[in-house]
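There are 2 protein chains.
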Amino acid sequence: MKLYDYFRSSAAYRVRIALNLKRLAPERAFVHLRRGAQRFDDYLALNPQGLVPSLVTDSGDVLTQSLAIIEWLDETYPSAPLLPSDAAGRARVRSLALAIACDIHPLNNLRVLNYLTGTLGATGEQRNGWYRYWCDVGLEALETRLAREAATGAFCHGEQPTLADICLVPQLANARRVSLDLAPYPTLLRIEAVCMALPAFADAAPMRQPDAE
Amino acid sequence: MKLYDYFRSSAAYRVRIALNLKRLAPERAFVHLRRGAQRFDDYLALNPQGLVPSLVTDSGDVLTQSLAIIEWLDETYPSAPLLPSDAAGRARVRSLALAIACDIHPLNNLRVLNYLTGTLGATGEQRNGWYRYWCDVGLEALETRLAREAATGAFCHGEQPTLADICLVPQLANARRVSLDLAPYPTLLRIEAVCMALPAFADAAPMRQPDAE
C-alpha cells in the first residue's frame, strides 16, 4: 500500500488516523499542495481530481476520496472497527462525518480560498471571515447533536473512536489555524481531548509528519 | 418512514432516486428552502443542520445527510443493491459519489450562493461564474475517470445503477439550471441518458414532485 499524503491536508489527516487505528503503515509519498504538485501530470494520471489523499492498494487499485478510502480500510481490515455494528449507528456516524466532510471542509479548502481572493478579489479579512463562518455554522450543528443525542459517549458515538471522530479532530485543527473561538463547543472539545490522548490520533497530526514545515 | 424533502434540493433528489430503486414510498413532508423553512424551530429540532433531506425511520431514528441515508437504505433493504459486492468496487463507487457530494455540490448550495452575493457582495455574474467553475472542475475529473476506467459500464459502475449514478444525475440537472455547456462530458451524458430511461430516476426529478413550482 502507498499513501499519497500532505501534512496540512485534513482529508489526508483523516486517512492517517484511520491507518494508525488499524495499525497499518503504508509507504508514503508527499504531494506538496502549496507548490501545486497535485496538478503535476504524474499525480493527475493517478488522481484526475488533483486532490489528496490517494491510496494505492497492494492489488494496484487507486482509491481516492478520504471517506471512501476509510470505508475500504474498515472493510478490508475489520479489526478495530471504525463504524458501529448496527445500521442505525452506522447511519449516525456517517452523517456526523459527512456533516464535516461535505458541509464544512470543502468550503474551506485551499483551492476555494484561492478562488475567493484570486478570481473574486476578496480581501484577506473576507477570506478569513468566510472560513470562520462556515466552520461556525457546521460546528454549531455538530455541538447541538453531540450534546443532546444519547448515543454520544466518550467519543462521538459510544466508547470507541469511529469515522466521526476521524473527521472531527482534523476539522478542529483547521479551526484553530484561523483562531476560531472554540469555547461554544464544549462537547466537541471534550471528545477531541479523548481522541488526542490516543497515539493513533496524536501521531497523525500535521506537525508530526515527515513533510511538515 | 417519513422523508423531509424539497423538490429543488439535489441531496433530496438523490434520496428520492434511492427510495424509488428500492421501491419504497415513505410519507413525505416538504421543507420550503427558498422560504427558509429549514430554519424554523420545528425543523431545526429534527435536523440541527437545517438542511434537507432528513429521513425518520419506523423506529423513530432521524437520519440526516443524503449519503448516510442511502447507505442505511441499502443495508436495511438489500434488494436492488446500490453498491457493488466487492470492496474495491464499493470504494470506487463511493469515491465517484463523494467527488460530487463533497467537491461540487456543497460549493453550489443555496446558502453558499447567498453568502457570496449577500456578505461578499458578489454580482450575479460572479455568482454564476463561481457555480459554473466548480461544476466544470468537478465534472471534468469525473469525465476523465469514467471515460478511462474499465469498471465503467452502461452506468458509472457496471450494468446496474449505484450510489454514483444517484449522485451524478442530480448534479447534471443542477449544471443545466446554470446553462453549463455539457458537451465536454460525453461519458457523463451517456450514463445520464441510461439512468433517465429508468422510472426510478425519471420519477424523482424535481419538476415531477408535488411541491414543484
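As given, the protein sequences belong to chains G and E, one line each in that order.
Going by our numbering, the letters in the first sequence line up with residues 801 to 1013, in that order.
Going by our numbering, the letters in the second sequence line up with residues 801 to 1013, in that order.
Just so it is clear, CB atoms sit at the ideal spot from N, CA and C, and this is done for glycine as well.
Return the residues of the segment 877-891 of chain E that lie within a Cβ-Cβ distance of less than 8 Å from chain G, sorted by chain order.
Ala887, Ala888, Arg890, Ala891
Three Cβ pairs or more, each shorter than 8 Å: is that satisfied between the segment 809-820 of chain E and the segment 981-995 of chain G?
no
Whole-angstrom C-beta distance between Asn928(E) and Val978(E), which should lie under 8 Å:
6 Å
Answer yes or no: does any C-beta atom of chain G fall closer than 9 Å to that of Arg977(E)?
no
Provide the residue(s) that pair with Lys802(G) in DSSP beta bridges, ordered along the chain.
Glu827(G), Val856(G)
Are any of the Cβ atoms in chain E nearer than 9 Å to that of Thr857(G)?
yes
Since His822(E) and Leu873(E) are thought to touch, with beta carbons under 8 Å apart, how far apart are those beta carbons, to the nearest angstrom?
It is worth fixing the name first, because residue 822(E) is Lys in this sequence and not His. The Cβ separation is near 6 Å, so the contact holds.
Can you name the residues of chain G whose CB is closer than 9 Å to the CB of Glu925(E)?
Correct list: empty, because the minimum Cβ distance to chain G is about 11 Å.
Measuring only the C-alpha atoms, how far is Ser810(E) from Gly836(G)?
32 Å
Val852(G) and Leu863(G) - do their beta-carbons sit closer together than 9 Å?
no
Which two residues bound the contiguous beta strand (DSSP E) that contains Leu863(E)?
862-864
Mind reading off the beta-carbon distance from Gly938(E) to Asp981(E)? Whole number of angstroms is fine, and I expect it under 8 Å.
Wrong, their Cβ atoms sit about 15 Å apart, outside the cutoff.
Of the listed residues Ser859(E), Met1007(E), Asp1003(E), nearest to Ala825(E) (C-alpha basis)
Asp1003(E)
I'd like to know whether the C-beta of Ala837(E) is nearer than 9 Å to at least one C-beta of chain G.
no
Helix, strand or coil at Gln960(E) according to DSSP, with G and I counted as helix
coil
Measuring only between beta-carbons, confirm whether Tyr806(G) sits less than 9 Å from chain E.
no
Checking 9 Å against the spacing of the C-beta atoms, do His957(E) and Leu907(E) come in under that value?
no
Beta carbon of Phe807(E) nearer than 9 Å to that of Pro986(E)
no
If you draw a straight line from the alpha carbon of Tyr931(G) to that of Gln865(E), how long is it in whole angstroms?
22 Å
Could you check whether the segment 915-926 of chain G touches the segment 938-952 of chain E, counting it as contact only if at least three pairs of C-beta atoms, one from each stretch, sit closer than 8 Å?
no
Can you give the Cα-Cα distance for Ala901(G) and Leu883(G), rounded to whole angstroms?
16 Å
Using the C-alpha atoms, what's the distance from Pro961(E) back to Ala1000(E)?
10 Å
On the DSSP letters alone, give me the boundaries of the alpha helix (DSSP H) that Asp841(E) sits inside.
841-846
In the structure shown, what three-state DSSP assignment does Leu982(E) receive?
coil
Tell me the residue span of the alpha helix (DSSP H) that contains Asp936(E).
924-948
Rank Leu968(E), Glu943(E), Glu871(E) by C-alpha distance to the C-alpha of Ala983(E) and give the top, closest one.
Glu943(E)
Distance, Cα to Cα, Ala975(E) vs Cys935(E)?
7 Å
Option in Ser879(G), Leu910(G), Ala941(G), Ser885(G) with minimal Cα separation from Ala899(G):
Ala941(G)
Less than 9 Å between the beta carbons of Arg892(G) and Ala868(E), yes or no?
yes
Quick one, which of Leu920(E), Asp805(E), Tyr813(E) has its alpha-carbon nearest Glu827(E)'s?
Asp805(E)
9 Å Cβ cutoff, Ile869(E) in contact with chain G
yes
Return the CA-CA distance between Leu916(G) and Ala922(G), expressed in angstroms with no decimal places.
5 Å
Under 9 Å, Cβ to Cβ, is there at least one residue of chain E near Val831(G)?
no
Where the alpha helix (DSSP H) containing Ser895(E) begins and where it ends
887-901
Boundaries of the alpha helix (DSSP H) in which Ala1004(E) is found, first to last residue:
Run containing Ala1004(E): none; DSSP gives neither H nor E here.
Of the residues that make up the segment 957-986 of chain E, which ones have a beta carbon closer than 8 Å to any beta carbon in chain G?
none
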